[in-house]
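A.B. asks: One line per chain: the protein sequences are X and F, in this order. The working numbering puts the first residue of the first sequence at 85, with every later residue one more than the last. The working numbering puts the first residue of the second sequence at 449, with every later residue one more than the last.
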Amino acid sequence: MSNCDQFREMYEAYALGALDLPERAALEAHLGTGCAECTKSVAEARWLVSQLAYLAPEAATSDMLKGRLMQTVRSEAKAKSLSPVATGPTTTPTGIPYWLSAGIAALLLLTLYFAWDAHRLKQELRAANEQNQRNEQMVASAQNESAVTQQKLAAMEEQIAKMHRETTILTDPASVKIMLAAQKIQAPQMVAMWHAKYGIVLTGQKVPMPSGNRVLQLWLIPKTPGGKPMPAMTVRPDANGNFVILVANPPVAGSDTKALAITEEPAGGSAAPTTTPKWVGAMT
Amino acid sequence: MFLAAFSPKDDREASPDATLVRLLLQNDVGAFEKIYDKYSRIVYSLVLRIVQQSGPAEEVVQDVFLQLWRNSAQYDAARGPFVPWLLTLARNRALDTLRLKSERQRRLENQTDELFSVVVAPQYEKELDEKRRAERVRSLVGQLNPQQKRAIELAYFQGLSHSEIAAELKEPLGTVKSWIRNGLIRLKEGLHTAS
């Protein structure tokens, strides 16, 4: 039996990612020797496995996704072609409402809590790894434990990163505040804070619930004459009519935006507004 | 070069997809839109099948296409055809989302290396449109026995290993290995015959 014979039955499972660790390590070590036959067979198996994607039931993306992507891509292409790059807005916001301050304080507290919890999880992870080394028979279960802890840690880190971003947007003097006034409806103003680097945080309180399954959708109105509104996030307020949303990557720069608007749209959002704006706020 | 032995033929290097990807390096928005229009449906279908929810699925699709736009140089036509590369990228991102992996973890695990792996399409492979390709694969996998099909789907769409599938299906490990291997061999032979 040639050295390759023992690996012939593993090519497809390896390309599929289904090999358990010992077999995968053995095959990878063999591939590391530069075996041309096995390398070619694995490359062919990768193509075969990629064909399994076509088993997925056909589904179509929303027009909104394409709209968002194309706006981002056009904006980035334009930015790359311009030199020097235009700077973002620098207006200092004035006065933050008390409820927003309370929100910021809560975010900071939550950030501290999650940071502490992440530290605790890291210690747990370290302990789990040490236990791993001490007792080989416990390796399998310890690895599972470690994987679960890593997942929790990763989720926690993502949460912390999001909260840091929101906190920065809400507190950084470089953020621009935009008040969105209700149009022909009895409803409180919404407040958006736009940071050139970190994005937009939009907050609403006691907002009337959209009818049925409909959602509120944020639009960025470009300065360009005749420019179409660019779709951003959709949201449904909670039972008390409150919400906070983060637009991490606005499809257009603040300096190119004339105003923000909110419309009511079908669930999932729309590629272009289908109703008249219920809230509008001009960029200052 | 060692890898040169597996390089595609010249006609593949000049494939329409490879040409479009090269145009992305010149910030060609039109080329990006063509790629999106051509492949967003299969990418979204695959990602949705893995993550099961439309919101997170759209986020993954957006990440995949933005990565393509921002890092198109990562795709190397000499290492294989574009679509398997794109589908591998989308599958990895979707499975990461399923496992709640962060970008930091992905970097730590150096998973991007997998994207630079060589893929070789067999000699009989022809340029089929996406619809005909899907019909062909579904028909062939539909002919497998249900357990075999289920085992392959658990591996591909849920990222489970042999032993995890054996535990899920409550079947011996050796049986699961055979199901998956024989199923994929039958698919390979079927694709060859159908071409």
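Just so it is clear, CB atoms sit at the ideal spot from N, CA and C, and this is done for glycine as well. Just so we're clear, the structure is a prediction, and the values are computed from it rather than from any experiment.
In chain F, what lies closer than 7 Å to Ala110/X by C-beta?
C.D. replies: Your numbering for residue 110/X matches position 26 in the first sequence. Those within 7 Å of Ala110/X in chain F number zero; the least Cβ separation is about 14 Å.
A.B. asks: Please classify Asn540/F: is it buried, with 16 or more other beta-carbons within 10 angstroms of its beta-carbon, or exposed?
C.D. replies: For the purposes of this step, residue 540/F is taken as the residue at position 92 of the second sequence. With 16 or more Cβ atoms within 10 Å of its Cβ, Asn540/F is classed as buried.
A.B. asks: Any C-beta of chain X within less than 7 Å: which residues of the region 576-594 of chain F qualify?
C.D. replies: If the cut-off is 7 Å between Cβ atoms, the region 576-594 of chain F has Arg581, Ala582, Val585, Arg586 and Val589 near chain X.
A.B. asks: My assumption, with CB atoms under 8 Å, is that Ser493/F sits in contact with Ala143/X. Please give the rounded CB distance.
C.D. replies: Translated into the one-based positions of the second sequence, residue 493/F becomes position 45. Translated into the one-based positions of the first sequence, residue 143/X becomes position 59. That pair is a contact at about 5 Å.
A.B. asks: For a contact meaning CB atoms closer than 7 Å, what does Glu93/X contact in chain F?
C.D. replies: Here residue 93/X is taken as the residue at index 9 of the first sequence, counted from 1. Neighbours of Glu93/X on chain F, chain order: Arg629.
A.B. asks: Does the Cβ-Cβ distance between Leu205/X and Thr251/X come in under 8 Å?
C.D. replies: The residue labelled residue 205/X in the question sits at position 121 within the first sequence. The residue labelled residue 251/X in the question sits at position 167 within the first sequence. No, they are not a contact pair.
A.B. asks: Just curious, the alpha helix (DSSP H) that Val491/F is in, first and last residue?
C.D. replies: Walking along the second sequence from the start, residue 491/F turns up at place 43. First-last of the alpha helix (DSSP H) with Val491/F: Val477 to Val499.
A.B. asks: With a threshold of 7 Å on Cβ separation, who are the neighbours of Phe480/F within its own chain once the five nearest residues in sequence on each side are excluded?
C.D. replies: What you label residue 480/F is simply residue 32 of the second sequence in a count that begins at 1. Cβ within range, chain order: Leu472 and Trp517.
A.B. asks: Going by other Cβ atoms of all chains shown within 10 Å of its Cβ, with 16 needed for buried, is Ile490/F buried or exposed?
C.D. replies: On the second sequence, residue 490/F is found 42 positions in, with the first residue counted as 1. Counting C-beta atoms within 10 angstroms of its own C-beta, Ile490/F has 16 or more neighbours from the protein chains shown and is therefore classed as buried.
A.B. asks: Write down the C-beta distance between Met314/X and Pro335/X rounded to the nearest angstrom, noting that I regard them as a contact closer than 8 Å.
C.D. replies: Here residue 314/X refers to the residue found at position 230 when the first sequence is read from its first residue. Here residue 335/X refers to the residue found at position 251 when the first sequence is read from its first residue. Rounded, the Cβ-Cβ distance is 5 Å, consistent with contact.
A.B. asks: Ala280/X to Ala258/X, Cα distance in whole Å?
C.D. replies: If you number the first sequence from 1, residue 280/X lands on position 196. If you number the first sequence from 1, residue 258/X lands on position 174. So the two alpha carbons sit approximately 8 Å from each other.
A.B. asks: Quick check on this structure: which residue in Ser611/F, Gly622/F, His610/F and Gln606/F has the alpha carbon closest to the alpha carbon of Leu548/F?
C.D. replies: To locate residue 548/F, count along the second sequence from 1; it is residue 100. The shortest Cα separation from Leu548/F among Ser611/F, Gly622/F, His610/F and Gln606/F belongs to Gln606/F.
A.B. asks: Would you mind telling me which residues of chain X sit closer than 8 Å to Val499/F, beta carbon to beta carbon, in chain order?
C.D. replies: Numbered from its first residue, the second sequence carries residue 499/F at position 51. Those do not exist, as Val499/F stays about 11 Å from chain X at its closest Cβ, beyond 8 Å.
A.B. asks: With DSSP collapsed to three states, give me the class of Gly379/X.
C.D. replies: The requested residue 379/X does not occur in the structure, where chain X is confined to residues 85 to 368.
A.B. asks: For the alpha helix (DSSP H) containing Glu107/X, name the first residue and the last one.
C.D. replies: Taking the first residue of the first sequence as 1, we reach residue 107/X at position 23. That run of the alpha helix (DSSP H) goes Leu105 to Leu115.
A.B. asks: Please report the residue range of the beta strand (DSSP E) in which Ala366/X lies.
C.D. replies: As a working mapping, residue 366/X is identified with position 282 in the first sequence. It spans Trp363 to Ala366 - the beta strand (DSSP E) in which Ala366/X sits, taken as one unbroken run.
A.B. asks: Can you find at least 3 beta carbon pairs, one from the region 118-129 of chain X and one from the region 141-158 of chain X, that sit closer than 8 Å?
C.D. replies: no
A.B. asks: When you compare only the Cα positions, how much space is there between Arg210/X and Glu107/X?
C.D. replies: As a working note, residue 210/X is residue 126 in the first sequence. As a working note, residue 107/X is residue 23 in the first sequence. Cα to Cα, Arg210/X sits roughly 27 Å from Glu107/X.
A.B. asks: Tell me which residues share the same chain as Pro357/X and place their Cβ nearer than 7 Å to its Cβ, disregarding the 5 neighbours each side in the sequence.
C.D. replies: The sequence position of residue 357/X within the first sequence is 273, counting from 1. Around Pro357/X: Trp303, Pro313 and Thr347.
A.B. asks: Report the three-state DSSP secondary structure of Ile600/F (helix, strand or coil).
C.D. replies: By one-based count along the second sequence, residue 600/F stands at place 152. Reduced to three states, the DSSP call for Ile600/F is helix.
A.B. asks: Can you round the beta-carbon distance between Ile269/X and Lys362/X to whole angstroms, since I take them to be within the 8 Å contact cut?
C.D. replies: Here residue 269/X is taken as the residue at index 185 of the first sequence, counted from 1. Here residue 362/X is taken as the residue at index 278 of the first sequence, counted from 1. Contact flag correct, Cβ pair sits at about 6 Å.
A.B. asks: Look at the alpha carbon of Gln235/X and the alpha carbon of Met367/X, and state the distance between them as a whole number of angstroms.
C.D. replies: Your numbering for residue 235/X matches position 151 in the first sequence. Your numbering for residue 367/X matches position 283 in the first sequence. Their backbone Cα atoms lie some 40 Å apart in a straight line.
A.B. asks: Exposed or buried, which one is Asp544/F when buried takes at least 16 other CB atoms within 10 Å?
C.D. replies: Here residue 544/F refers to the residue found at position 96 when the second sequence is read from its first residue. Classification for Asp544/F: buried.
A.B. asks: Going by the CB atoms, is the gap between Leu264/X and Met277/X shorter than 8 Å?
C.D. replies: By 1-based counting over the first sequence, the position of residue 277/X is 193. By 1-based counting over the first sequence, the position of residue 264/X is 180. Contact flag unset, no.
A.B. asks: Going by the CB atoms, is the gap between Val499/F and Val508/F shorter than 8 Å?
C.D. replies: Your numbering for residue 508/F matches position 60 in the second sequence. Your numbering for residue 499/F matches position 51 in the second sequence. In this structure, Val499/F lies closer than 8 Å to Val508/F by Cβ.
A.B. asks: Using only CA atoms, which one of Pro321/X, Arg249/X, Leu300/X and Ser295/X lies nearest to Leu330/X?
C.D. replies: Position 246 of the first sequence, counted from the start, is the residue given in the question as residue 330/X. Leu330/X has its Cα closest to that of Arg249/X, out of Pro321/X, Arg249/X, Leu300/X and Ser295/X.
A.B. asks: Entirely within the region 516-553 of chain F and at least 4 residues each: give me those alpha helix (DSSP H) ranges in chain order.
C.D. replies: 530-546
A.B. asks: Which residues does DSSP list as the beta-bridge partners of Pro315/X?
C.D. replies: Within the first sequence, the letter at position 231 stands for residue 315/X. DSSP, once it has assigned bridges, lists Trp303/X as partnering Pro315/X.
A.B. asks: Examine chain X for any beta-carbon lying closer than 8 Å to the beta-carbon of Leu468/F, and answer yes or no.
C.D. replies: As a position in the second sequence, residue 468/F is number 20, starting the count at 1. Closer than 8 Å: no.
A.B. asks: Is the Cβ-Cβ distance between Gln289/X and Gly311/X less than 8 Å?
C.D. replies: On the first sequence, position 205 is the one that residue 289/X refers to. On the first sequence, position 227 is the one that residue 311/X refers to. Against a cut-off of 8 Å, the Cβ pair of Gly311/X and Gln289/X comes out as no contact.
A.B. asks: Leaving out five residues before and five after Met247/X in sequence, what residues of the same chain have Cβ atoms less than 8 Å from its Cβ?
C.D. replies: Locating residue 247/X in the first sequence gives position 163, counting from the first residue. Cβ within range, chain order: Leu191, Leu194, Thr195 and Phe198.
A.B. asks: Roughly how far, in whole angstroms, is the beta-carbon of Ala137/X from the beta-carbon of Leu535/F, given that I think they are within contact range, below 8 Å?
C.D. replies: As a first step, residue 137/X must be located in the first sequence, where it is residue number 53. As a first step, residue 535/F must be located in the second sequence, where it is residue number 87. Right, the Cβ-Cβ distance comes to about 5 Å (below 8 Å), so this counts as a contact.
A.B. asks: Taking the beta strand (DSSP E) that Glu348/X belongs to, which residues open and close that run?
C.D. replies: In the first sequence, the residue the question calls residue 348/X occupies position 264. Counted as a single uninterrupted DSSP element, the beta strand (DSSP E) harbouring Glu348/X occupies residues Thr341 to Glu349.
A.B. asks: Tell whether a beta-carbon distance below 8 Å holds between Leu64/X and Leu632/F.
C.D. replies: Any answer about residue 64/X is impossible in this case: the structure gives chain X only from 85 up to 368.
A.B. asks: Look up Val585/F in the DSSP assignment and give the residues it is bridged to.
C.D. replies: Here residue 585/F refers to the residue found at position 137 when the second sequence is read from its first residue. According to DSSP, which records beta bridges pairwise, Val585/F is partnered with nothing at all.
A.B. asks: Should Tyr282/X be flagged as near chain F, meaning a C-beta pair shorter than 8 Å?
C.D. replies: One-based indexing of the first sequence puts residue 282/X at position 198. No, its Cβ sits nowhere closer than 8 Å to a Cβ of chain F.
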